Amino acid sequence: MSRTVARAAGPLWGSASVPGDKSIGHRALLLGALAEGTLNVRGLSDGQDVRSTRSCLEALGVRFEEGGRFLAVHGAGAAGLKAPARALDCGNSGSTMRFLMGVLAGQPFESELTGDASLSRRPMERVAAPLRAMGADITLSEGHAPVRLRGRRPLKGASYRLPVASAQVKTALLLAGLYADGETTVEDPFGTRDHTELMLAFLGADCRSDDGRVTVRPGALRSGKAMTVPGDPSSAAFLAAAAVLVPGSRLIIREVLLNPTRLGFFEALREMGAPVSWERGGLHGREVVGDVTAAHGRLKPCWLDAARVPGLVDEVPLLAVLCAFADGESRLEGLAELRVKESDRLAGTAAALTALGASARVDGDALVVAGPARWRPGRVETLGDHRLAMASAVAALAGAGPVELSDADCAAVSYPSFFDDVKGLGA
Ligand code: S3P
1 MSRTVARAAG PLWGSASVPG DKSIGHRALL LGALAEGTLN VRGLSDGQDV
51 RSTRSCLEAL GVRFEEGGRF LAVHGAGAAG LKAPARALDC GNSGSTMRFL
101 MGVLAGQPFE SELTGDASLS RRPMERVAAP LRAMGADITL SEGHAPVRLR
151 GRRPLKGASY RLPVASAQVK TALLLAGLYA DGETTVEDPF GTRDHTELML
201 AFLGADCRSD DGRVTVRPGA LRSGKAMTVP GDPSSAAFLA AAAVLVPGSR
251 LIIREVLLNP TRLGFFEALR EMGAPVSWER GGLHGREVVG DVTAAHGRLK
301 PCWLDAARVP GLVDEVPLLA VLCAFADGES RLEGLAELRV KESDRLAGTA
351 AALTALGASA RVDGDALVVA GPARWRPGRV ETLGDHRLAM ASAVAALAGA
401 GPVELSDADC AAVSYPSFFD DVKGLGA
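Residue numbering for the sequence shown follows the numbering used here, starting at 1 and increasing by one per position.
(1) Of the choices A395, A242, P146, G384, whose alpha-carbon is the least far from that of M124?
(2) Using DSSP's beta-bridge definition, name the partner residues of G290.
(3) So is E315 buried or exposed if we call it buried at 16+ other beta carbons inside 10 Å?
(4) For the putative contact between G177 and G191, defined by C-beta atoms under 8 Å, what is the C-beta separation to the nearest angstrom?
(5) Measuring alpha carbon to alpha carbon, tell me which of R122, V321, L367, E66 ends up nearest F238.
(6) Pairs of beta-carbons, one from the region 48–55 and one from the region 13–27, closer than 8 Å: are there three or more?
(7) If we call anything under 8 Å between Cβ atoms a contact, is A373 one with A350?
(8) In terms of alpha-carbon separation, which member of L319, V292, E287, G285 lies closest to K300?
(9) Tell me whether L283 is buried or exposed, calling it buried when 16 or more other Cβ atoms sit within 10 Å of its Cβ.
(10) Does the beta-carbon of H26, which I'm using as the reference point, lie nearer than 7 Å to any heavy atom of the ligand S3P?
(11) Is T192 a contact residue of the ligand S3P, with contact defined as CB to any heavy atom under 7 Å?
(12) Hey, would you say W303 sits closer than 8 Å to G290, going by beta carbons?
(13) Give every residue of the same chain whose Cβ lies closer than 6 Å to the Cβ of C207, excluding the five residues on either side of it in the sequence, and list them in chain order.
(14) Under 7 Å from any heavy atom of the ligand S3P, does the C-beta of T171 make it?
(15) Tell me whether D232 is buried or exposed, calling it buried when 16 or more other Cβ atoms sit within 10 Å of its Cβ.
(16) Excluding sequence positions up to five away, which residues of its chain have a Cβ less than 7 Å from the Cβ of T38?
(17) Within its chain, find whatever has a CB closer than 6 Å to the CB of A393; leave out the 5 residues flanking it on each side and keep chain order.
(18) Given the structure, does V313 come close to the ligand S3P, in the sense that its CB is under 7 Å from one of the ligand's heavy atoms?
(19) Thinking just about the alpha-carbon of each residue, which of P154, V164, G115 is nearest to the one in A307?
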């Protein structure tokens, strides 16, 4: 459904919290499902992507039980998954599909993974090829879903260097490694997010990281534990950005994940001169958590080199919006992976900014944004992409509004209460 977002009538003020981290939510459900015992998970995201992981696992015979503020994941154990009666629908979620490819590669049955139109356009060969080398039989349709798998147990242990900066590919191989006949090593020269490694260790797996190389050995995972999912920094980023852009604002966002592999957006914002800070509060499992504070401030342009993209890969559309408010020209480099996200986010971000009067152009794999924009009201094609919708909403609140978003409901993929939360903070 389309939605029109007006300029903020006043500052955003007070304290806020955001849904549980999406990346950790997927991993908690999946690894809890493969473990022996029950994993009690608090603060799980209610976004559609995490729901997709849950419903696929239910179709594989995993039992979940709602209990107060916890969701109990009753682990099936390494060998306990059942052949599904029908194709597993991963919805819009690339993580669900790629992580399940890793798990299903090691199951002694056939399965099929499908997704929506966006997911069916995303590249799956990057996961299928190394899993085939480990012994799984995987068929794609010209590199895309539907994914048909015939698993094998044991798989062959592998040593693999990531050719693209993808924590999803790394995770798929580490999960397959749990079903291998020996150790599996993934070399990650990009420093992608490390939640899988941390959660495998939390659940007792023999998983070690050293100098960009992660090694996992087959063996049982054991839960019998409780964990709280920290707030999603990729969702907190939208609130922080709105606070930086709307005059007079000041927000504290509580209990946000502060894993160093996920802080790239806040670091870039601080380098642009924004009054943004974060304070380490403690650990949830093995993940660092704390509060993020953001207040209104003027922005300098941003120069982002490719090596920093994995630390803020999902926040690039939002960073580009901030660049359009900065004094001068910004250049964000190394954005090729954005072309294969939920939409072509490189083209989609440039088009959204241009539709609202900003100067933005794609230059090879880079995005060049000249600020400050001369905003004008307009309509943005969100391409059904949650991050494009919310980034455009922030542009609207901060000066471009009223802005019509062609599809705003897609925010529910990661942050169902986004529009209500922004209103509740005074905008
Ligand atoms: C994710 C990794 C990233 C990110 C996605 C979640 C994860 O994808 O964009 O939203 O949880 O591992 P890639 O690994 O494909 O870059």
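A virtual CB, placed ideally from N, CA and C, is assigned to each residue, including glycine. Quick caveat, the model's predicted, so the values are computed rather than measured.
So, from the data block:
(1) P146
(2) V256, R280
(3) buried
(4) Actually they do not touch by this definition, with Cβ atoms about 20 Å apart.
(5) V321
(6) yes
(7) no
(8) L319
(9) exposed
(10) yes
(11) yes
(12) no
(13) E197, L200, A201, V216
(14) yes
(15) buried
(16) A72, V73, H74, G75, S223, G224
(17) V5
(18) yes
(19) V164
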